[in-house]
Each structure stands twice: as structure tokens, then as C-alpha cells.
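Chains as they are written, first to last, in this note's numbering: chain A, 1 to 143; chain B, 1 to 143; chain C, 1 to 143; chain D, 1 to 143; chain E, 1 to 143; chain F, 1 to 143. Using N, Cα and C, we set each Cβ at its ideal position, and we do this for glycine too.
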């Protein structure tokens with residue numbers, strides 16, 4: 001673990017995203033909320049929020065962080081579902097892993113919901129999009 | 001949750017993989033075990049194994065499964081790290097989510113270990129590769 | 001802990017319910033899905049399912065049980081929300097605590113969602129309604 | 001999740017209670033500490049304290065809060081057991097859900113301990129009694 | 001993780017013990033149940049039972065095991081507290097780590113309860129005493 | 001739980017250690033990294049770090065603490081493995097239980113890794129070595 005004792009408490013924000021590639025048939029079912037297992041978007045959103053709160057349990061060297069906000073949004077796009085997770089905290093260390101864990105578990109939950117109709121669906125991207133706070137300053141992924 | 005009460009207990013296997021794209025400098029550090037935060041491969045491997053055991057806590061509608069094996073392997077390839085997670089169980093329901101959760105958390109842990117040297121690293125793939133057991137039979141992703 | 005080693009594995013079912021008393025204004029907002037914090041029914045349902053899976057962590061002397069189904073339903077009634085949680089498993093011990101924990105956490109989640117508009121809302125009942133399996137046979141609460 | 005980033009850190013207190021209705025025979029056994037499964041009051045007390053610390057894992061949209069105190073008390077009354085849970089913290093958001101979760105799990109644990117002798121016991125009330133701190137000020141339930 | 005898929009399900013028992021060395025003054029307070037923090041023996045007992053159920057979360061390569069019994073006993077001896085934890089299950093792999101984790105956390109909880117009066121107390125032994133089931137047969141530590 | 005609301009936030013440090021007594025054959029295997037189950041030192045180190053973060057879940061009356069550092073070191077000595085766990089935080093209460101839990105779980109993990117070759121291995125010591133911060137000042141165990 002990195003010792004963050006000497007770091008300053010600053011406002012930390014992080015945003016991560018994932019993209020679950022899905023076929024048009026699956027997307028139609030998702031949009032119509034007709035996936036047998038239940039409401040894909042809402043279930044994934046809640047799973048992501050809950051997972052972000054537990055990132056420090058899953059990532060061995062991550063610090064516990066007092067998250068002040070976790071927001072997970074899912075958008076239906078042409079070729080799949082885009083998952084975005086934003087988190088914020090006042091902390092001595094960044095919240096990147098919280099955002100990434102939230103996005104990852106939301107995307108995995110999408111897969112769990114649709115796998116009966118599209119077993120071969122893939123998560124084709126999972127990455128940090130934004131980070132602010134701390135000594136290393138702002139990171140913003142270029143489009 | 002899908003009621004699996006009427007299903008038969010069969011041997012269930014699942015394999016999932018993730019690919020963490022990394023630059024040559026980062027890969028050199030990983031290969032030389034010179035990442036400041038510690039041993040990337042071993043830490044990711046253990047994080048993946050532990051996460052697979054907790055998949056049913058993270059994925060809202062997943063059933064608890066008595067896993068009999070979880071194996072996580074990481075290979076250094078030309079453009080990044082390949083993560084593979086295989087799981088098996090005697091169960092009434094498949095273990096896909098366990099394999100995927102193990103692969104995902106191992107890949108996220110890789111990112112956590114290298115993010116100080118390559119913040120923009122991405123997980124470019126996370127998917128099920130294989131599944132056997134149960135009524136739906138064998139699924140094997142074509143190369 | 002009761003030693004269940006000598007008991008037979010039988011099909012175990014349990015159903016529990018809770019009633020969250022709510023004022024007509026709150027019920028109107030719930031029905032219209034206009035509670036600011038989000039979708040009350042779906043969020044409570046998922047929280048209940050997830051909590052049922054973790055009952056053995058919360059109730060000190062409860063055994064871990066391989067749940068095969070957890071179903072949580074919420075109905076809007078005249079004076080509040082009725083929460084029902086049904087669970088089933090093949091196990092050596094009953095699943096009453098799983099059903100009750102699921103109903104309790106779903107009801108608490110309802111409160112969390114509506115407390116900004118009705119702080120004084122109460123859960124006026126939380127109880128086992130049904131249980132089958134095992135030596136003690138069927139329990140069915142009379143209406 | 002409600003973004004609490006802009007809120008002030010203030011002292012937060014919350015108290016919740018539950019009432020487990022029990023027959024005179026069961027109450028006699030509890031009072032005499034002769035319930036076969038063990039010490040009802042102490043077991044329930046500890047279960048409640050531990051659950052309050054994990055409220056943010058159970059309630060999907062609850063924030064993690066650095067609890068400074070959790071106290072659970074159980075009183076044997078004429079018609080059952082009264083459970084009270086008080087919590088406090090310095091935090092940006094209230095600790096109502098922590099108090100309620102502690103009271104709920106303590107009450108469920110009472111049920112788990114006595115269900116062999118009184119399966120039909122009910123929790124007839126679970127509610128917030130007091131809350132202070134934050135912009136919304138003091139809430140105190142009238143008797 | 002060791003793949004236990006090919007092993008037979010057999011009855012598994014394990015017993016572990018720990019010894020917390022305590023001064024006579026502390027032991028007097030424990031015996032009189034006058035430790036300020038609460039009932040040492042009961043609190044440690046419950047903590048041990050609960051920890052045994054979560055051994056597979058703590059020990060990275062341990063399998064989840066459907067525990068059928070966990071018993072933790074504490075005895076006040078001349079120079080300290082003896083903690084014993086016995087567990088049993090029908091499983092493909094042994095339950096040694098469950099017994100040891102239960103004994104360890106019960107002993108740590110004893111320390112937590114008495115540390116205000118005897119900060120330098122030590123756990124001077126933590127070990128497996130007995131194990132049966134599986135191919136390796138019975139292990140019994142000689143006195 | 002001790003109410004720590006009135007205490008001051010100060011820098012808290014704690015160090016604990018455990019000693020796993022091992023035979024020369026086992027130590028040789030550990031040193032050569034030839035234990036079949038995997039890398040003993042690294043696995044134990046990670047298990048200890050992760051357990052320290054969850055001490056408040058395991059020890060019933062422990063407070064959640066925002067750990068800023070957890071370091072676990074293992075040294076191969078003549079008669080066994082020495083485990084050291086140091087933790088630090090800015091908190092209202094001490095982090096002794098976090099350090100002890102980290103050392104305990106690291107030591108238990110060592111046992112889990114070597115038990116196939118030395119079932120009778122024992123943890124012969126688990127204790128607090130150092131503590132600073134708070135009203136009670138510095139504690140340092142004499143050699």
C-alpha cells in the first residue's frame with residue numbers, strides 16, 4: 001500500500017466508463033425492458049453504485065475512501081450499452097479505482113442480465129476517463 | 001433471480017479473459033518486477049481469485065455457488081497483459097459470472113498497480129471464453 | 001450455532017413480509033416514480049435480494065445456505081407498501097432468516113428512498129409468513 | 001446517491017427502535033437466559049452493532065459513514081423485547097439508516113434465537129425515533 | 001487454489017485453539033464480568049463463530065465451505081483464556097482454516113475487550129488441534 | 001462500543017507481529033518458493049493487508065478507521081516466519097486491532113499455504129508491539 005499519510009486532503013473526482021457491445025436484438029429487448037431477468041439498466045446502475053463503495057475490499061492495495069457521491073449512468077447506443085461511473089470524495093488519495101470498479105461491475109451486471117439471449121456479448125472497453133485532485137492534477141482522456 | 005431449484009446439479013466450468021493494453025515501458029517494468037507498488041502479476045492473480053469467490057455479492061441476481069476451483073493466470077504479451085480466469089463447481093447454475101468477475105478484478109488490479117506510470121492504460125476486452133455444464137451445453141468462443 | 005450435521009437435506013422454502021406505512025402523498029410519488037432518490041420499488045427489490053444472500057453474515061448463529069431462489073415483490077397498497085420475500089434452497093436447515101432479512105432490508109431501503117419526504121414513516125410489521133421443509137414441517141401464518 | 005460533497009460536516013446522531021412481540025412463555029425463557037440457542041440479549045446486541053457498521057453495504061444508496069458510536073440496548077417489556085439503537089458520527093450526511101439497520105438486525109437476531117419456541121413471533125414496529133445534525137435539524141418522534 | 005473437483009464429499013471436522021495470556025488482575029475482571037467494554041467471553045465467542053463463516057473471504061486460497069456447525073468455547077485458566085473453535089461440514093475440502101480463523105478472531109476479540117486494562121497481553125498460541133475427513137485422514141495433536 | 005465522539009483526531013500508528021514456527025524442511029521450501037500452493041510470502045502479505053482493512057467487520061466493538069497505510073512484512077528466520085504488520089491513520093481511536101488482524105490473517109495464510117507439508121505448524125505469538133497517538137500515549141513492547 002502506498003502510505004498516503006503525508007498527503008493533503010483534497011477534493012477527488014474520478015470518472016470511468018465501460019462499453020458492453022450488444023447485438024441489435026438484445027438492444028431492442030433492453031430498450032423495451034423485456035429482458036426476462038428484469039430491468040437491465042436499473043439493476044446495473046445499482047450494482048455499480050454498490051460495487052464502487054466496496055472497491056477497497058476488491059483491489060488489494062486500494063485505500064478505503066469516504067465516498068460522497070457515486071453516480072452510474074447507462075446509455076443505449078447503436079452497438080451496445082455505455083456505462084459511466086463518476087465518484088467524488090474528500091480524501092488523501094484518488095478515487096480512480098472506485099470509479100473503475102463501479103463501471104466494471106455495472107457492465108458485468110449488464111452481461112448477467114442479457115447472457116441468456118446473447119452469451120457472446122463482450123465488454124470492449126473499461127477505462128478511466130477523468131480524474132482530478134491531488135498532486136498529479138487533472139487527467140482527461142482525449143476523445 | 002432465476003429460480004434454479006428444478007435444475008440438475010452438474011459439473012459447471014467457465015473461463016473468461018480480459019486484456020489490459022499497456023505501453024512497452026510499462027510492460028518492461030512489469031516483466032522486471034520493478035513496478036513500485038509491488039508484484040503486479042501475483043497481486044492481480046490473488047485479487048482475481050478472491051473476487052471470483054464474491055461474485056454473488058457483487059452481481060445482484062447471481063446465485064451463491066460452491067466453487068471448487070478458481071485459477072487466474074496472467075501472461076505478458078506484446079501489447080499488454082492477458083488475464084484468464086477459470087472456475088469450476090458442481091452446481092445448479094453456471095459459473096460464468098464468477099469467471100468474469102475474477103478476470104475483471106484481476107485486470108482492475110493490474111491497472112491499480114501500473115496507474116502511476118501509465119494512467120491512460122485501458123482494459124480493451126473482458127468476455128466469456130468458455131462455459132460447460134447445464135442444459136445450454138458447451139459454449140466456446142471462436143478465435 | 002445449532003449443529004445441523006445430522007439433519008437431512010430437504011427442500012426448504014420460506015416467505016416473509018414487511019409493511020411500510022406511508023402517507024398518501026408519499027404513495028402518490030412512489031406510484032408515479034417521482035421520488036427524487038430514484039425508483040423505490042426496484043431499488044428495494046434488489047436490496048432485498050442481495051441482503052437475503054448475506055443473511056448468514058448478519059445473523060450471528062445462522063448457517064450459510066445455498067439459496068436457489070430469492071424473490072422480492074413490492075405492492076402499493078392503500079396505506080403503504082407491502083414487501084414480500086420468498087426464498088428456497090436444498091439445505092439441512094431452514095431459510096427463515098434469509099426471507100426475513102430480505103424483507104427487512106427491502107423495507108429499510110424503501111424508508112431510505114422516501115425519508116426525505118416522510119421522515120416519520122414506519123415499518124409496522126416484519127414477520128415470517130410461511131415455512132416448509134425439515135422436521136418441523138409446514139408453518140403457515142393465519143390471515 | 002445524493003451527492004453530499006457540498007454539505008457541511010456536522011455532528012450526526014440518530015436513534016431507531018424495534019419491538020419484537022413475544023408471548024409470556026418466551027419472555028420467561030429470555031429473562032431466565034434459558035433459550036437453547038444462547039444468550040438472546042447479548043447476541044442481538046452484538047449483531048445490531050455489527051450491522052450498523054455495514055449499513056452502507058446493505059442500503060444501496062447509503063453513504064459510508066465513519067461511525068463514532070453504536071449502542072444497542074434491549075429491554076424486556078410486558079409483551080415483548082424493545083430494541084433501541086443509537087449511533088453518532090461527524091459526517092456530511094445523516095446516520096438514520098445506520099440506526100435503523102442496527103435495530104432491524106438486532107430484532108431479527110432475537111427472532112432467530114427464539115423461533116424454535118415461538119415461530120410466529122413478529123416485529124411489530126421498526127422506526128426512526130430521533131435524528132439530529134445537518135440542515136434538516138432535529139427530528140424527534142412524539143410519544 | 002487447489003482444484004478439489006475430483007475429491008469426494010466427506011464429513012469434515014476440525015478443531016483449533018488459541019491461548020490469550022492474561023495477568024491475574026485482568027482475569028479477575030473477566031471472571032467477574034466487570035470489563036468496561038462488555039462481556040468478554042460472549043463477545044469473543046460470537047466474533048469467532050462469525051469469522052469462521054467468513055474464512056474463505058480472508059484466506060485467499062481457501063474454498064467456500066457449507067459449515068454445518070461452528071462452536072467456540074472460552075475457558076478461564078490460571079494464566080489466561082483458552083479459546084477453542086470446532087467446525088464441521090460435508091465438503092470436498094477440509095475445514096482447518098475455518099476453525100483456525102474462528103479461534104484467531106475470538107482471541108483477537110478478547111484482546112480488544114481487555115486492552116484498556118492490559119495492553120501488553122499476548123496470544124501465545126494459535127494452532128490446529130484436530131482434523132478428520134478426506135484422504136489425509138485424522139490429525140490429532142499430541143498433548 | 002466505546003463512544004469516541006469526544007476524542008481528538010490524532011495521528012495513530014500501531015504495529016503487531018506474529019511468529020509462525022516452521023520446521024527446517026518447510027522453511028527451505030518457502031525460501032525456494034517451491035510450496036505447491038504458491039508464493040507464501042506474497043500471498044500472506046496481501047491477505048494481511050486486506051484483512052487489516054476489514055478489522056472493524058471482524059472485531060465486534062471496533063470502529064471503522066480510515067487507514068492511510070498498511071504494511072505487512074514477512075521475514076524468514078531460523079525457526080519460522082516472522083510477520084509484522086504496521087498501520088497508520090488519522091483517527092479518533094487507535095488502530096491496534098487493525099495491525100493485529102493484519103498480522104493474524106497473514107500468519108493464518110502462511111499456515112494455509114504450508115499445511116500440506118507441515119500440518120502441525122503453530123503460530124506461537126501474536127501481539128501488539130507498538131502503538132502511538134491518542135491520550136494513552138506511546139506503547140512500545142520491551143524486547
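Review point. Residue 46(C) touches chain A at which residues, Cβ-Cβ below 7 Å?
Key: Locating residue 46(C) in the third chain gives position 46, where the first residue counts as 1. 43, 46, listed in chain order.
Review point. Can you tell me whether DSSP reads residue 98(B) as helix, strand or coil?
Key: If you number the second chain from 1, residue 98(B) lands on position 98. Helix.
Practice item. Determine the DSSP secondary structure at residue 13(D), reduced to helix, strand or coil. Key: As a position in the fourth chain, residue 13(D) is number 13, starting the count at 1. Strand at residue 13(D).
Practice item. Answer yes or no: does any C-beta atom of chain D fall closer than 8 Å to that of residue 39(E)? Key: Here residue 39(E) is taken as the residue at index 39 of the fifth chain, counted from 1. By this cut-off, residue 39(E) is an interface position.
Review point. Going by alpha carbons, who is nearest to residue 31(E) out of 75(E), 18(E), 16(E)?
Key: Taking the fifth chain and counting its residues from 1, the one referred to as residue 31(E) is at position 31. That would be 75(E), whose Cα lies nearest to the Cα of residue 31(E).
Review point. Under 8 Å, do residue 26(E) and residue 118(E) count as touching if we go by C-beta distance?
Key: If you number the fifth chain from 1, residue 26(E) lands on position 26. If you number the fifth chain from 1, residue 118(E) lands on position 118. In contact: residue 26(E) and residue 118(E) (Cβ atoms closer than 8 Å).
Review point. Buried or exposed: where does residue 89(D) fall if 16 or more other Cβ atoms within 10 Å of its Cβ makes it buried?
Key: The sequence position of residue 89(D) within the fourth chain is 89, counting from 1. Counting Cβ neighbours within 10 Å, residue 89(D) comes out buried, since at least 16 surround it.
**Study point:** Residues of the segment 101–131 of chain A with Cβ closer than 8 Å to any Cβ of chain B, in chain order
**Key:** 101, 104, 105, 107, 108, 109, 111, 112, 113, 115, 119, 120, 121, 122, 123, 124, 125, 126, 127, 128, 131
**Study point:** residue 57(A), DSSP secondary structure in three states
**Key:** Position 57 of the first chain, counting from 1, holds the residue named residue 57(A). Residue 57(A): helix per DSSP, three-state reduction.
Check your understanding: Are there three or more Cβ pairs, one per stretch, closer than 8 Å when the segment 58–72 of chain C is compared with the segment 130–139 of chain A?
Key -> no
Point to revise | Of the residues 72(B), 109(B), 125(B), the one placed nearest residue 15(B), counting alpha carbons only | key: For the purposes of this step, residue 15(B) is identified with residue 15 of the second chain, where counting begins at 1. Measuring from the Cα of residue 15(B), the nearest candidate turns out to be 72(B).
Check your understanding: Since residue 80(C) is in the beta strand (DSSP E), which residue starts that stretch and which ends it?
Key -> In the third chain, counting from the first residue as 1, residue 80(C) sits at position 80. Counting along the chain, the beta strand (DSSP E) containing residue 80(C) begins and ends at 80–91.
Check your understanding: How is the alpha helix (DSSP H) around residue 30(D) delimited, first residue to last?
Key -> As a first step, residue 30(D) is located in the fourth chain; it is residue number 30 there, counting from the start. That run of the alpha helix (DSSP H) goes 24–31.
Review point. So which residues on chain E does residue 92(C) lean against when the C-beta distance must stay under 9 Å?
Key: Residue 92(C) sits at position 92 when you count from the first residue of the third chain. 66, 68, 90, listed in chain order.
Practice item. Compare the beta carbon distance of residue 106(F) and residue 44(F) with 8 Å and say whether it is the shorter of the two. Key: Residue 106(F) sits at position 106 when you count from the first residue of the sixth chain. Residue 44(F) sits at position 44 when you count from the first residue of the sixth chain. Result yes, Cβ atoms of residue 106(F) and residue 44(F) sit closer than 8 Å.
Check your understanding: Mind checking if residue 12(D) is an interface residue toward chain F, Cβ cutoff 8 Å exclusive?
Key -> Here residue 12(D) refers to the residue found at position 12 when the fourth chain is read from its first residue. Chain F, which has no Cβ nearer than 8 Å to the Cβ of residue 12(D), makes this no.
Practice item. Pick helix, strand or coil for residue 129(F), following the three-state DSSP scheme. Key: On the sixth chain, residue 129(F) is found 129 positions in, with the first residue counted as 1. Reduced to three states, the DSSP call for residue 129(F) is strand.
Check your understanding: Any beta-carbon of chain F closer than 8 Å to the one on residue 96(A)?
Key -> As a first step, residue 96(A) must be located in the first chain, where it is residue number 96. Answer no: the Cβ-Cβ gap between residue 96(A) and chain F never drops below 8 Å.
**Study point:** Whole-Å CB distance - residue 68(F) paired with residue 87(A), under 8 Å assumed
**Key:** Residue 68(F) sits at position 68 when you count from the first residue of the sixth chain. Residue 87(A) sits at position 87 when you count from the first residue of the first chain. So it is not a contact: roughly 19 Å between Cβ atoms.
Check your understanding: Should residue 65(E) be counted as a contact of the ligand PLP given a C-beta to heavy atom distance under 7 Å?
Key -> The ligand PLP is absent from the structure shown, which contains no ligands of any kind.
**Study point:** Contact the segment 39–54 of chain F vs the segment 36–53 of chain E: 3+ CB pairs below 8 Å
**Key:** no
Practice item. Flag residue 54(A) as yes if its beta-carbon sits less than 8 Å from any beta-carbon of chain D, otherwise no. Key: Numbered from 1 along the first chain, position 54 holds the residue referred to as residue 54(A). Chain D contact via Cβ: present.
Review point. Does any C-beta atom of chain C lie closer than 8 Å to the C-beta of residue 133(B)?
Key: Along the second chain, read from residue 1 onward, the residue named residue 133(B) stands at position 133. No, residue 133(B) does not count as interfacial toward chain C.
Point to revise | Of the residues 56(D), 10(D), 130(D), the one placed nearest residue 121(C), counting alpha carbons only | key: Here residue 121(C) refers to the residue found at position 121 of the third chain. Closest by alpha carbon: 130(D).
Review point. In angstroms, rounded to a whole number, what distance separates the CA positions of residue 53(E) and residue 98(E)?
Key: In the fifth chain, counting from the first residue as 1, residue 53(E) sits at position 53. In the fifth chain, counting from the first residue as 1, residue 98(E) sits at position 98. Cα-Cα distance, rounded: 7 Å.
Practice item. Identify which residue in 10(D), 19(D), 115(D) has its Cα closest to the Cα of residue 124(D). Key: Position 124 of the fourth chain, counted from the first residue, corresponds to residue 124(D). It is 19(D) whose Cα lies nearest to the Cα of residue 124(D).
Practice item. Quick one: residues in its chain with C-beta nearer than 6 Å to the C-beta of residue 12(E), no 5 flanking neighbours on either side, listed in chain order? Key: On the fifth chain, residue 12(E) is found 12 positions in, with the first residue counted as 1. Closer than 6 Å at Cβ, skipping near neighbours: 89, 91, 94, 95, 133.
Review point. Is the Cβ of residue 71(A) closer than 8 Å to any Cβ of chain D?
Key: The count along the first chain starts at 1 and reaches residue 71(A) at position 71. It does; some Cβ of chain D falls within 8 Å.
Practice item. Please classify residue 79(A): is it buried, with 16 or more other beta-carbons within 10 angstroms of its beta-carbon, or exposed? Key: In the first chain, counting from the first residue as 1, residue 79(A) sits at position 79. When all chains shown are included, residue 79(A) counts as exposed.
Point to revise | Per-residue DSSP class, three states only, for residue 152(D) | key: In the structure as shown, chain D starts at 1 and stops at 143, and residue 152(D) therefore has no counterpart that could be examined.
Review point. Would a check of beta-carbon distances place residue 87(C) closer than 8 Å to chain E?
Key: Position 87 of the third chain, counted from the start, is the residue given in the question as residue 87(C). By this cut-off, residue 87(C) is not an interface position.
Review point. Helix or strand or just coil, what does DSSP make of residue 73(F)?
Key: Within the sixth chain, residue 73(F) is the residue found at index 73, counting from 1. Note: residue 73(F) maps to strand in three-state DSSP.
Check your understanding: So residue 128(C) packs on residue 101(C), CB below 8 Å; how close in whole Å?
Key -> Against the third chain, residue 128(C) aligns to sequence position 128. Against the third chain, residue 101(C) aligns to sequence position 101. Between residue 101(C) and residue 128(C) the Cβ distance is about 11 Å, and since that is not below 8 Å, they are no contact.
Point to revise | Spatially closest choice to residue 159(D) from 143(D), 114(D), 108(D), by CA coordinates | key: This structure gives no information on residue 159(D), because the portion of chain D shown stretches from 1 to 143.
Review point. Where does residue 107(A) fall in DSSP's three states?
Key: As a working note, residue 107(A) is residue 107 in the first chain. Looking at residue 107(A) - three-state DSSP - the assignment turns out to be helix.
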